[in-house]
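Trainee: Please find one structure pasted underneath; my questions will follow.
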Amino acid sequence: MSADPNCIFCKIVAGQIPSRKAYEDEDIFAFHDIHPWAPVHVLIIPKRHIASMADVTEAEAALLGKMTALGTKLMKELGVTNGFRHVINTGADGGQEVYHLHLHVMGGPRPWLKG
Ligand code: 5GP
Ligand code: ZN
1 MSADPNCIFC KIVAGQIPSR KAYEDEDIFA FHDIHPWAPV HVLIIPKRHI
51 ASMADVTEAE AALLGKMTAL GTKLMKELGV TNGFRHVINT GADGGQEVYH
101 LHLHVMGGPR PWLKG
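Numbering (the UniProt record's numbering), first residue to last: 1 to 115.
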């Protein structure tokens, strides 16, 4: 499926829902999470609608690699210097809320974790 008319992230890719864009190319779109869990929190998604990691095949291996590497590049560009996290939630027990595959990349100080 190329775009799902009921999917909010497909609507973000199409510009039908506004977002704070961090990156775009022919395959990938990246934008800032609306409810960040860290000072810098971007979501990196394939433009094509893939519901979740449970739907990813070997054919998408290069795409996943490109998304992962982009996360690292964006953290540097956005001034994150002291480490970051790549996270993908999958399915109900994995805490997935939006069923369009997305890689969370989060960085910046998390003072609430310090004792
Ligand atoms: P999940 O729990 O599915 O891994 O994460 C979904 C993420 O999408 C959440 O962190 C949530 O804040 C973010 N999100 C949901 N709707 C929107 C939206 O309309 N715009 C943006 N920028 N982020 C969204
Ligand atoms: Zn979608």
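Ideal placement from N, C-alpha and C gives every residue a C-beta, glycine not left out.
Kindly indicate which three-state DSSP category Ile-28 falls into: helix, strand or coil?
Mentor: strand
Trainee: With Leu-103 as the anchor, note down where its alpha helix (DSSP H) starts and where it stops.
Mentor: For Leu-103, no alpha helix (DSSP H) encloses it; the enclosing beta strand (DSSP E) starts and ends at 103-107.
Trainee: May I ask you to list the residues that DSSP assigns as paired with Lys-11?
Mentor: Paired residues: none, contrary to the question.
Trainee: Determine whether the beta carbon atoms of Val-13 and Gly-108 lie at a separation below 8 Å.
Mentor: Going by C-beta atoms, Val-13 is not nearer than 8 Å to Gly-108.
Trainee: What is the residue span of the alpha helix (DSSP H) that Leu-78 lies within?
Mentor: Where Leu-78 is concerned, there is no enclosing alpha helix (DSSP H), given that its DSSP letter is neither H nor E.
Trainee: Buried or exposed for Pro-18, please, with buried defined as at least 16 other CB atoms from any protein chain shown within 10 angstroms of its CB.
Mentor: exposed
Trainee: For a quick check, are the C-beta atoms of Asn-89 and Gly-95 less than 8 Å apart?
Mentor: In contact: Asn-89 and Gly-95 (Cβ atoms closer than 8 Å).
Trainee: So does Phe-31 have its beta carbon nearer than 7 Å to some heavy atom of the ligand ZN?
Mentor: no
Trainee: Kindly list the residues whose CB is nearer than 7 Å to the CB of Ile-8, restricted to its own chain and excluding five residues on each side of it in sequence; keep chain order.
Mentor: Ile-17 and Val-98
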